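For the sequence shown, our numbering gives the first residue as 27, with consecutive numbering after it.
The C-beta atom is built at its ideal place from N, Cα and C for all residues, glycine as well.
All figures in this text were calculated on a predicted structure; none of them were measured in a lab.
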Amino acid sequence: MFFRLTGRRWIPIAALLLAGVVVGCGSDDEPADAAAETAASTTEVASVTTTEPEADSDLPEGAEELEGRWAHFDVVSYEDDVMRTLIISTGFADLELRDGELWNVQRFCHADTVSDQDIEVSISDAATSAIIPVDTPVEVTEEDGRLRVVRPATPTGIGIDLADPANDTLPTDPNDPRIVDDDGDGNPGVTSRIILTEEIQGELYIARREIFSYDVTQESPDRMVGTITDSSEQLILGASNDIVLTPAQWEQIDDPERNPVIWQRVDDDCDCERLASERDELFPPNPEPDW
27 MFFRLTGRRW IPIAALLLAG VVVGCGSDDE PADAAAETAA STTEVASVTT
77 TEPEADSDLP EGAEELEGRW AHFDVVSYED DVMRTLIIST GFADLELRDG
127 ELWNVQRFCH ADTVSDQDIE VSISDAATSA IIPVDTPVEV TEEDGRLRVV
177 RPATPTGIGI DLADPANDTL PTDPNDPRIV DDDGDGNPGV TSRIILTEEI
227 QGELYIARRE IFSYDVTQES PDRMVGTITD SSEQLILGAS NDIVLTPAQW
277 EQIDDPERNP VIWQRVDDDC DCERLASERD ELFPPNPEPD W
């Protein structure tokens with residue numbers, strides 16, 4: 027979901043693009059020491075008190091217990107000939123029962139960029155939270171006593187107003203009239219700040235079509251782990267410094283262990299501010315691009 031550059035060469039950066047008794051935002055489940063270990067965990071699922079689904083529901087037994095607010099942590103790993111980059115995002119993956127189906131309401135709060143280069147990249151929380159995917163039903167299945175949730179991709183425009191985000195092609199013209207200032211900073215699209223050195227830095231303005239899906243499975247009644255798949259697209263709109271103004275497209279690396287997801291059940295009134303303050307209690311530290 028992201029991009030980057032150094033000198034006059036492109037380097038991937040962020041474009042955005044994240045149990046038991048609940049305490050504050052979090053719970054008293056012991057968090058994993060690392061995202062990859064969490065995603066690959068084979069911990070036995072604790073017993074769940076289940077309720078029978080509605081008569082007209084195709085949900086497996088116990089699926090209704092998943093309804094509620096889940097904080098999410100996900101890592102998308104990218105690599106090109108120049109560098110390796112991780113985009114780590116946090117937010118909420120709420121699950122709601124609607125007419126016998128389980129729906130996901132996905133929202134984002136914050137995004138970090140980690141790379142193997144000495145470059146500072148930041149994107150505001152205003153830009154990150156501007157990613158608002160449409161609500162969508164999820165597929166819920168039961169496998170070996172665990173509930174599995176698959177959220178399909180729902181293409182979402184950011185920095186551009188697409189009438190049909192799933193089918194409209196992303197424009198090639200940075201002056202396209204559909205471009206909007208989604209992060210409200212007075213610049214087109216959304217802004218990422220790039221610092222190469224103290225003397226060489228600038229802002230990059232982009233529009234994106236975010237395309238991602240989740241596949242998570244119960245680790246415990248209040249924690250789900252899995253992977254994210256990303257195939258987002260972007261349009262470079264301009265920059266405050268020409269040194270950062272070079273088109274680039276790049277792809278997520280094909281390694282599920284490098285693209286982990288955690289969903290942790292939290293209080294229904296947990297918000298982005300509380301999630302930020304309790305982030306280290308809920309999720310592991312940001313991983314490094316050490317492959």
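I'd like to check one pair, residue j with residue i: are the Cβ atoms closer than 7 Å?
i      : j      : result
Ile262 : Ile232 : yes
Asp100 : Trp129 : no
Pro181 : Ala192 : yes
Cys51  : Glu304 : yes
Gly215 : Asn267 : no
Ile392 : Asp138 : The question about residue 392 has no answer, for the chain in this structure spans 27 to 317.
Arg177 : Val166 : no
Ser148 : Asn285 : no
Ser218 : Leu230 : yes
Val206 : Val242 : no
Glu93  : Leu123 : yes
Helix, strand or coil for residue i, going by three-state DSSP, please let me know.
i      : result
Asp256 : strand
Ala233 : strand
Ile269 : helix
Ala137 : strand
Leu301 : helix
Pro163 : strand
Glu168 : strand
Leu92  : helix
Thr182 : strand
Glu283 : helix
Glu146 : strand
Asp194 : coil
For residue i, collect the residues of the same chain with a Cβ closer than 8 Å to its Cβ; drop the 5 residues on either side in sequence, then sort them by chain order.
i      : result
Ala179 : Ile237, Phe238, Ser239, Thr255 and Ser257
Trp96  : Phe118, Ala119, Asp120, Leu121, Met250, Trp289, Gln290, Arg291 and Val292
Pro86  : Pro79, Val166, Thr167, Glu168 and Leu173
Only counting the same chain, and skipping five residues up and downstream in sequence, which positions put a Cβ closer than 7 Å to that of residue i?
i      : result
Glu2   : Residue 2 is absent from the structure shown; the chain starts at 27 and stops at 317.
Gly210 : Ala152
Ala189 : none
Cys296 : Cys51, Arg95 and Ala97
Ala40  : Its pLDDT being 34, under 50, Ala40 is placed unreliably in this model, and the value from its coordinates should be taken loosely. Excluding positions up to five away in sequence, the list reads Phe28, Ile113, Ala137, Thr139, Val147, Ile149 and Ser218.
Gln265 : Note on identity: in this sequence residue 265 is Ala, with Gln being the wrong assignment. Excluding sequence neighbours, Ala265 sits near Gly228, Glu229, Leu230, Tyr231 and Leu271.
Phe134 : Leu44, Ser115, Gly117, Thr154, Ser155 and Ile157
Per DSSP, residue i forms a beta bridge with which residues?
i      : result
Asp241 : Val176 and Thr253
Phe118 : Ala97 and Arg133
Ile113 : Val102 and Thr139
Arg124 : Glu127
Ser246 : Arg249
Trp289 : His98 and Met250
Thr217 : Tyr231
Leu261 : Ala233
Ile205 : Ile186
Keeping to the same chain, check which residues put their C-beta closer than 6 Å to that of residue i; ignore five residues upstream and five downstream.
i      : result
Arg110 : Asp142 and Pro315
Asp170 : none
Glu146 : Ile221
Glu259 : Leu196 and Arg235
Asp208 : Ala156, Ile184, Gly185 and Val216
Pro159 : Gln132, Thr180 and Thr182
His98  : Leu44, Gly117, Ala119 and Trp289
Leu112 : Val101, Ser103, Val140 and Pro315
Val175 : Val164, Val166 and Val242
Asn213 : Tyr231
Taking 7 Å as the CB-CB cut-off, is residue i touching chain D?
i      : result
Gly228 : Among the chains of the structure shown, chain D does not appear; only one protein chain is present.
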